[in-house]
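Residue numbers (the working numbering), protein chains in the order written: chain A, 3 to 414; chain B, 15 to 151. Notes to accompany the following structure.
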Amino acid sequence: MTVLTQIRRNDQPIYLDYQATTPLDPRVLEAMMPYFTYKFGNPHSRSHSYGWEAEEAVEKARAQLGKLIGADEKEVVFTSGATESNNLAIKGVAEFYKDRRNHIVTTVTEHKCVLDTCRHLEQQGFSVTYLPVQKSGLVDLEQVRAAVTDKTVVVSIMAVNNEIGVVQPLAEIGKICRDKGAFFHTDAAQAAGKIPLDVEAMNIDLMSISGHKIYGPKGIGALYVRRKPRVRLVALINGGGQERGFRSGTLPTPLCVGLGEAAEICLKEMDAESRRLEKLQQRMLKGLQSRLPEIYVNGDLEHRIPGNLNISFAYVEGESLMMGIKGLCVSSGSACTSASLEPSYVLRALGVEEELAHTSLRIGLGRFTTEHEVDTAVDELARHVNKLREMSPLWEMAQEGIDLKSIEWAAH
Amino acid sequence: MSYSDKLIDHYENPRNIGSLDKTLEDVGTGLVGAPACGDVMKLQIKVGPNGLIEDAKFKTFGCGSAIASSSLVTEWVKGKTIDEAGTIKNTDIAKHLALPPVKIHCSVLAEDAIKAAIADYRAKAAQKGDKTAEAAE
């Protein structure tokens, strides 16, 4: 059996978008392969060895994932991904406890699948508090405390933001929730496997995890559902009652195995990998700062995963910059590929001005990023930012000392 | 999103980048768009004594399509009278560069930029009672 061991061919651009997705670790693929082929049994088949073999593999994966977050394996529910996990967690508890509690607390910088789920529940009659964030991207704990009432069923605050990589104070939020009797759900798609997580120490009741953000396969995720004290959910998908009735449907054994293996590798390598990525992050930032004036990091640098940078390159529009840096794969903080020209809602929530939000890029570093790739990226970014500033009327005006705010721009 | 070869060529090798002295009376300057919207174009024309546009320069803050649209129009206006330049339509720009639908606004902005530069030139000429400008009216 041949297994792909090379992540990037030399003729491909450098991948710096690890918050969008990560490549499957070849070790993970290796673990998955038998379950695609000769170990193909249905893990729910109880009457023969094919089924037992698959069940054993799935249960091992469940335990591997549980270990990553300090949970018991029985508390891990497999889903199709973090979007489903977020939907199941929030809709599930809201529906189950709606007779007693009908209020939800979340933040304005959550992933769209959390915000959209909350909007949906508002239409169903729930009330939702959308907390603002500070300039750092972090929630103000006093505001969290003030927002949670005896009517609050769940507080859903993401562990790590997908655009700016900032890490929310989970343990403190967990404590507030526990004191007030509300459940604490955290979308940990960007956090699991990257930072230490402990559902006990952090008082987390529900946690969403994604496979493809941790070098595992796409199409699988998990939801941690606390057993003591017990969290009850109304299922979104009904059927044969698999996954303790929370999520019916035959488990995709190879994907479960991949998620488990990915979790185990992340846990084993977390310390060393964090230190390595921190060095690369610093190298990238210092390299850019030494060559370019007027660049700004969005979001707190200290409370941040090392694999993320979100930078505004003032006076250079993000999309044109991405078009120039053909050898690099990054994403734009400004989602202005659409005609609406709306910059990122996350950056706006931090109070980043719209003109600066249009100049931002999200740079994601990960397991297969090398020092050489970082240096190449710094060089390519610096060259193109300088080139585009030379053709930017805003850069010219700024150099002439004109205050851009003093001009009456016509909105279009 | 895939872009046409012409658009990519204008983005990678933009024509006529730079600035003309905006205080000169034979130079018209158009500054359109807004930083908050992600597009700002500065387009300048220099009109010769014969009434023809003898030079054009641009600087653009915006996406690749905005840069290409403004680069293209600086090529198109050169050698034209200001009346002729004023007839350049955004649809012609969009067609020439094969702009995708979500980028049509870039061509609209480029047309606005030419019109603004012409208006600025005319305003200056009117102030000076310039004969050339009056003849062109």
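Idealized CB from N, CA, C, for every residue including glycine. Every value quoted in this text rests on a predicted model; they were computed, and no experiment measured them.
Short Cβ contact (8 Å threshold) for residue i with residue j
{"i": "Arg364 (chain A)", "j": "Val318 (chain A)", "result": "no"}
{"i": "Ile175 (chain A)", "j": "Thr109 (chain A)", "result": "no"}
{"i": "Glu125 (chain B)", "j": "Lys103 (chain B)", "result": "yes"}
{"i": "Phe75 (chain B)", "j": "Ser85 (chain B)", "result": "no"}
{"i": "Ile16 (chain A)", "j": "Ala379 (chain A)", "result": "yes"}
{"i": "Leu257 (chain A)", "j": "Ile222 (chain A)", "result": "yes"}
{"i": "Ser314 (chain A)", "j": "Ile297 (chain A)", "result": "yes"}
{"i": "Val157 (chain A)", "j": "Ala193 (chain A)", "result": "no"}
{"i": "Cys120 (chain A)", "j": "Val135 (chain A)", "result": "no"}
{"i": "Met324 (chain A)", "j": "Tyr25 (chain B)", "result": "no"}
{"i": "Ile178 (chain A)", "j": "Val141 (chain A)", "result": "no"}
{"i": "Leu352 (chain A)", "j": "Asn300 (chain A)", "result": "yes"}
{"i": "Leu21 (chain B)", "j": "Ala112 (chain B)", "result": "yes"}
{"i": "Ile71 (chain A)", "j": "Met272 (chain A)", "result": "no"}
{"i": "Lys41 (chain A)", "j": "Glu55 (chain A)", "result": "yes"}
{"i": "Pro395 (chain A)", "j": "Leu45 (chain B)", "result": "yes"}
{"i": "Leu367 (chain A)", "j": "Leu282 (chain A)", "result": "yes"}
{"i": "Asn312 (chain A)", "j": "Glu165 (chain A)", "result": "yes"}
{"i": "Val442 (chain A)", "j": "Ile197 (chain A)", "result": "With chain A represented from 3 up to 414, any question about residue 442 (chain A) goes unanswered, as that position is not in the structure."}
Residue i: first and last residue of the uninterrupted beta strand (DSSP E) it sits in
{"i": "Val150 (chain A)", "result": "Taken as a continuous stretch (DSSP letters only), Val150 (chain A) belongs to no beta strand (DSSP E), as it is neither H nor E."}
{"i": "Lys56 (chain B)", "result": "Asp53 to Val61"}
{"i": "Arg278 (chain A)", "result": "Not the beta strand (DSSP E): Arg278 (chain A) falls in the alpha helix (DSSP H), residues Thr255 to Arg293."}
{"i": "Arg228 (chain A)", "result": "Careful: Arg228 (chain A) lies outside any beta strand (DSSP E) and carries neither H nor E."}
{"i": "Gly44 (chain B)", "result": "Val41 to Ala48"}
{"i": "Thr188 (chain A)", "result": "Phe185 to Asp189"}
{"i": "Tyr132 (chain A)", "result": "Ser129 to Leu133"}
{"i": "Met209 (chain A)", "result": "Leu208 to Ser212"}
Cutoff 6 Å; reference residue i; Cβ partners in own chain excluding five residues on either side
{"i": "Leu90 (chain A)", "result": "Leu225 and Leu238"}
{"i": "Cys268 (chain A)", "result": "Gly195 and Ile216"}
{"i": "Gly167 (chain A)", "result": "Arg306, Ile307 and Asn310"}
{"i": "Leu123 (chain A)", "result": "Ala96"}
{"i": "Ala264 (chain A)", "result": "Val30, Ile216, Tyr217 and Gly218"}
{"i": "Thr339 (chain A)", "result": "For Thr339 (chain A), the pLDDT reaches just 43, beneath the cut-off of 50, and the residue's location in the model is therefore unreliable, although a value from the coordinates is still provided. Contacts found: none."}
{"i": "Asp19 (chain B)", "result": "none"}
{"i": "Gly403 (chain A)", "result": "none"}
{"i": "Phe248 (chain A)", "result": "Val79, Leu235 and Ala237"}
Whole-number beta carbon distance between residue j and residue i, since they are thought to touch under 8 Å
{"i": "Tyr37 (chain A)", "j": "Thr255 (chain A)", "result": "4 Å"}
{"i": "Pro28 (chain B)", "j": "Met393 (chain A)", "result": "6 Å"}
{"i": "Lys94 (chain B)", "j": "Ile67 (chain B)", "result": "6 Å"}
{"i": "Leu253 (chain A)", "j": "Gly213 (chain A)", "result": "Contact flag wrong, Cβ pair sits at about 13 Å."}
{"i": "Leu390 (chain A)", "j": "Met399 (chain A)", "result": "Actually they are not in contact, since the Cβ atoms of Leu390 (chain A) and Met399 (chain A) sit about 15 Å apart, beyond 8 Å."}
{"i": "Lys129 (chain B)", "j": "Gly100 (chain B)", "result": "6 Å"}
Residue nearest to residue i in terms of C-alpha spacing, selected from the options
{"i": "Glu61 (chain A)", "options": "A:Val162, A:Val79 and A:Lys270", "result": "A:Val79"}
{"i": "Glu1 (chain A)", "options": "A:Ile71, A:Ser250, A:Ser346 and A:Pro219", "result": "Because chain A here runs from 3 to 414, residue 1 (chain A) falls outside it and cannot be looked at."}
{"i": "Lys153 (chain A)", "options": "A:Ala22, A:Ala96 and A:Ile166", "result": "A:Ala96"}
{"i": "Ile206 (chain A)", "options": "A:Leu133, A:Arg350, A:Ala190 and A:Asp381", "result": "A:Ala190"}
{"i": "Val201 (chain A)", "options": "A:Lys230, A:Asp19, A:Glu55 and A:Asp181", "result": "A:Lys230"}
{"i": "Thr361 (chain A)", "options": "A:Trp397, A:Asp377 and A:Pro198", "result": "A:Trp397"}
{"i": "Phe98 (chain A)", "options": "A:Val155, A:Thr151 and A:Ala22", "result": "A:Val155"}
{"i": "Lys100 (chain A)", "options": "A:Lys270, A:Ile409, A:Arg350 and A:Phe128", "result": "A:Phe128"}
{"i": "Asp381 (chain A)", "options": "A:Val354, A:Gln291 and A:Glu266", "result": "A:Gln291"}
{"i": "Asn88 (chain A)", "options": "A:Arg102, A:Gln401 and A:Ala161", "result": "A:Ala161"}
{"i": "Asp134 (chain B)", "options": "B:Ser16, B:Ala82, B:Leu57 and B:Gly32", "result": "B:Leu57"}
{"i": "Gly42 (chain B)", "options": "B:Lys117, B:Asp106 and B:Ile96", "result": "B:Ile96"}
{"i": "Lys109 (chain B)", "options": "B:Gly100, B:Ser83, B:Gly143 and B:Thr101", "result": "B:Ser83"}
{"i": "Ala359 (chain A)", "options": "A:Leu143, A:Tyr347, A:Asn388 and A:Arg103", "result": "A:Tyr347"}
{"i": "Thr81 (chain A)", "options": "A:Gln244, A:Leu117 and A:Glu375", "result": "A:Gln244"}
{"i": "Lys114 (chain A)", "options": "A:Asp74, A:Arg147 and A:Thr85", "result": "A:Thr85"}
{"i": "Glu280 (chain A)", "options": "A:Arg293, A:Arg369, A:His46 and A:Leu330", "result": "A:Arg369"}
Cβ shell of residue i (< 7 Å), same chain only, five flanking positions each side left out
{"i": "Ala341 (chain A)", "result": "In this predicted model, Ala341 (chain A) has a pLDDT of only 42, less than 50, meaning its place in the structure is not dependable; the value taken from the coordinates is given anyway. Nothing listed; no residue qualifies."}
{"i": "Asp40 (chain B)", "result": "Lys60 and Val61"}
{"i": "Val259 (chain A)", "result": "Ala33, Met34, Tyr37, Ala59 and Ala63"}
{"i": "Asp35 (chain B)", "result": "Val41"}
Residue range of the unbroken alpha helix (DSSP H) whose run includes residue i
{"i": "Gly78 (chain B)", "result": "Gly78 to Val91"}
{"i": "Phe38 (chain A)", "result": "Pro28 to Phe38"}
{"i": "Thr85 (chain A)", "result": "Ala84 to Phe98"}
{"i": "Lys71 (chain B)", "result": "Run containing Lys71 (chain B): none in the alpha helix (DSSP H); it sits in the beta strand (DSSP E), Ile67 to Phe75."}
{"i": "Thr109 (chain A)", "result": "First-last for Thr109 (chain A): His105 to Thr109, but that is the beta strand (DSSP E), not the alpha helix (DSSP H)."}
{"i": "Gly176 (chain A)", "result": "Leu172 to Lys182"}
{"i": "Ile96 (chain B)", "result": "Ile96 to Ala99"}
{"i": "Thr361 (chain A)", "result": "Neither: Thr361 (chain A) is in no alpha helix (DSSP H) and is coded neither H nor E."}
Cβ-based neighbour list, residue i, same chain, cut-off 8 Å, excluding 5 preceding and 5 following
{"i": "His50 (chain A)", "result": "Gly43"}
{"i": "Val5 (chain A)", "result": "Any reading at Val5 (chain A) needs caution, since the residue's pLDDT is 45, under 50, leaving its predicted position unreliable; the model's value is listed next. Excluding residues within five positions, the ones whose Cβ falls inside 8 Å are Pro28, Leu31, Glu32 and Met35."}
{"i": "Asp53 (chain B)", "result": "Gly47, Thr74, Phe75, Gly76, Cys77, Ala80, His119, Cys120 and Leu123"}
{"i": "Asp377 (chain A)", "result": "Arg285 and Gly289"}
{"i": "Glu266 (chain A)", "result": "Gln66, Lys69 and Leu70"}
Where residue i meets chain E, residues with beta-carbon distance less than 7 Å
{"i": "Ser121 (chain B)", "result": "Protein chains A and B are contained in the structure displayed, whereas chain E is not."}
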